[in-house]
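Take a look at the structure below.
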Amino acid sequence: MVLKPEPIFACIEALQAALDEAGETYDEVIYLTPDGEVLTQPLVNELSLKRNLLLLAGHYKGVDQRVRDVLITREISIGDYVLSGGELPALVLTDAIVRLIPGVLGDAESALTDSFQDNLLDAPVYTRPAIFRGLEVPEVLRSGDHRRIAEWREAERLKKTRARRPDLLGKDEPEE
Numbered sequence: 004m005v006l007k008p009e010p011i012f013a014c015i016e017a018l019q020a021a022l023d024e025a026g027e028t029y030d031e032v033i034y035l036t037p038d039g040e041v042l043t044q045p046l047v048n049e050l051s052l053k054r055n056l057l058l059l060a061g062h063y064k065g066v067d068q069r070v071r072d073v074l075i076t077r078e079i080s081i082g083d084y085v086l087s088g089g090e091l092p093a094l095v096l097t098d099a100i101v102r103l104i105p106g107v108l109g110d111a112e113s114a115l116t117d118s119f120q121d122n123l124l125d126a127p128v129y130t131r132p133a134i135f136r137g138l139e140v141p142e143v144l145r146s147g148d149h150r151r152i153a154e155w156r157e158a159e160r161l162k163k164t165r166a167r168r169p170d171l172l173g174k175d176e177p178e179e
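Everything in the sequence shown is counted per this note's numbering, starting at 4 for the first residue and increasing by one.
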C-alpha cells in the first residue's frame, strides 16, 4: 500500500496556507522513513531550535514519491529497521525534541548531560536510600564535593561509553 499524493498535497498545502496567514512558514517538512538520515542527538538539538515543524508519517510502503520530491524538506529514520508505519518514529522524534524545549524538563541543565549530547553515554544515577539491600551509592556522590562528583561522573561516562559504545569515541579520546 502506498499513500496517494492528492490528500497529502491538499493537507500540507492547507496547513501551510494557515501558517502563511500568521506570517510564518514551516522550517522543515519531515517525512519519517527507514531510508532517511538517521536520527542523532545533534540532529534533535538542531530541530529543537526550529519554530515550526510538520511531520509526515507514511504507512506500509510509504507515500507516493512525488510527495517526497516536492513537499518534503528532510527525511529522518529512527534506526536501521522497518516498522509498519511512521507514527511511532514521529512520536520518538517529537519526544526527543520536546524535552529540549525550555521549561519542559524540571532541570533544563540536566538535558545537557544526557547520553549522546557530547558523544558519551550518561554516568550511572542513584537516589535514596544510600544503602539498599546492601548496595551502596558511591561515597563520592554522598560527599557534597561538586568537583569530585563531576570528575567521577566524567570518568564513569568514559568507562561506560568504552564498554558499551566505543564507536562513539573519537580517535583523540584519552586512553584508560
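Beta carbons: idealized from backbone N, C-alpha and C, even for Gly.
Keep in mind the model is a prediction, meaning the values are calculated, not measured.
query	result
Alpha-carbon to alpha-carbon, Leu58 and Val95	11 Å
Same chain only: Cβ atoms within 8 Å of Gly61, ignoring 5 sequence neighbours per side	Leu6, Tyr34, Leu35, Thr36, Gly88, Gly89
Secondary structure of Thr28, DSSP reduced to three states	coil
Residue range of the alpha helix (DSSP H) that includes Arg156	149 to 167
As assigned by DSSP and simplified to three states, the class of Asp23	helix
Contact check, Leu124 vs Arg167, beta carbons under 8 Å	yes
Where Thr164 falls, given that 16 or more other Cβ within 10 Å makes a residue buried	buried
Pick from Val32, Asn55, Glu31 that is closest to Ala25, judged by C-alpha positions	Asn55
Three-way DSSP call (helix, strand, coil) for Ile104 in this model	coil
For Glu49, the first and last residue of its enclosing alpha helix (DSSP H)	44 to 51
Which listed residue (Glu157, Thr28, Leu46, Phe12) has its alpha carbon closest to that of Ala99	Leu46
Rounded C-alpha distance that separates Asp67 from Val32	15 Å
Arg131, enclosing alpha helix (DSSP H) - first and last residue	No alpha helix (DSSP H) holds Arg131; DSSP gives it neither H nor E.
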